[in-house]
Amino acid sequence: MMIENIIFDIGGVLVDINWDLSFQGLASLGIKNTWSRVGADEVGSWMDRYVRGQVVESEFLAQLKQQAHIGTTEVALKQAINSMLGILPHSRLHLLRQLRSQYRLYILSNTHSLHVAHMEADLRAHHQVEGWHELVNHAYYSYDMGLLKPELAIFQQVIEEQHLDPEKTLFIDDMAPNITAAQQCGLQVWHKPQSIEMSTAWLQKSTTGI
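Below is the structure:
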């Protein structure tokens, strides 16, 4: 069956990420217990709530500031948090534009307002693109939805709102649990490890080979 729709993750798929840069940046500001994916520590639980949209940006930054060195500014905190994010390569920008002429494109990302604002500023500065909305049909962010991958509900919401046929929709992510959840929702999937550079050739192969 031919693919008609493609849902992209951002970090590790469209934009390269390096978590260590943010961990190191926060540590340099005095924040030693950086967040974990399971929210095992205090900062971690606040990050989980922020990415889920349960606390707003100002509350999250205030929480971090309490644990940072005296005099740490919000600008420094934002720089540390955003330092993990790479810039969308020209090759992937070209690929998105090429694919949009053939498929409906979507973004589904576990992310928050600081990362989205930073990435969109990079898109304007490096590509003269105002935001992800210029490159895809719709961008879904966890902090807006109140849901996180790999929860099934987050995939089901995208499918229902966009009237997608899961059998004709390809989901691309670098995290195995997210791939498994997408499969449970009937989506076609491509698990993209961060070491594989995206190219038109492999993406076209993956979409036509299903």
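So in the working numbering, the last one in the sequence shown is 219, and the numbering has no gaps at all.
From the three backbone atoms N, C-alpha and C, an ideal C-beta is built for every residue, glycine too.
Item: Using a 10 Å radius around the Cβ and a threshold of 16 neighbouring Cβ atoms, would you call Met11 buried or exposed?; Value: exposed
Item: For the beta strand (DSSP E) containing His135, list its first residue and its last residue.; Value: His135 -> not in any beta strand (DSSP E); alpha helix (DSSP H) instead, spanning 122-136.
Item: Please report the residue range of the alpha helix (DSSP H) in which Leu86 lies.; Value: 83-91
Item: Is DSSP giving Val167 helix, strand or coil here?; Value: helix
Item: Do the stretch 133-145 and the stretch 158-178 touch if we need at least three Cβ pairs shorter than 8 angstroms?; Value: no
Item: Whole angstroms are fine: how far does the CA of Gly20 sit from the CA of Tyr150?; Value: 12 angstroms
Item: Evaluate His121 with the Cβ neighbour count: other Cβ atoms within 10 Å of its Cβ, from every protein chain shown; 16 or more gives buried, anything less gives exposed.; Value: buried
Item: Using the rule of at least 16 other Cβ atoms within 10 Å of the residue's Cβ for burial, across every protein chain shown, is Ala36 buried or exposed?; Value: exposed
Item: How would you label Thr178, buried or exposed, when you count the other beta carbons within 10 angstroms and need 16 or more for buried?; Value: buried
Item: So, with DSSP's three-state summary, where would you put Arg109?; Value: helix
Item: Pull up the distance between the alpha-carbon of Arg113 and that of Trp55, whole angstroms please.; Value: 34 angstroms
Item: For Gly34, I'd like the list of residues in its chain whose CB is within less than 6 angstroms of its CB, leaving aside the five on either flank, ordered along the chain.; Value: Ala89, Ser92
Item: Would Leu38 and Ala77 be called neighbours here (beta carbons separated by less than 7 angstroms)?; Value: yes
Item: If we ignore side chains and look at the alpha-carbon of each, how far apart do Asp131 and Ile96 end up?; Value: 7 angstroms
Item: Might you give, ordered along the chain, the residues of its own chain that have their beta carbon closer than 8 angstroms to the beta carbon of Thr189, omitting 5 neighbours on each side?; Value: Pro159
Item: I'd like the list of long-range same chain contacts for His83, defined as Cβ closer than 8 angstroms, with 5 residues on each side in sequence excluded.; Value: Looking at the sequence shown, residue 83 is not His but Glu. Taken in chain order, the residues that qualify are Leu70, Lys74.
Item: Once DSSP output is grouped into helix, strand and coil, what is the label at Gly80?; Value: coil
Item: Whole angstroms is fine: what's the gap from Leu157's alpha carbon to Glu139's?; Value: 25 angstroms
Item: Which residues share a DSSP beta bridge with Gln63?; Value: Answer is none; Gln63 lacks a bridge partner.
Item: Can you grab the Cα-Cα spacing for the pair Gln111 / Ile15, in whole Å?; Value: 10 angstroms
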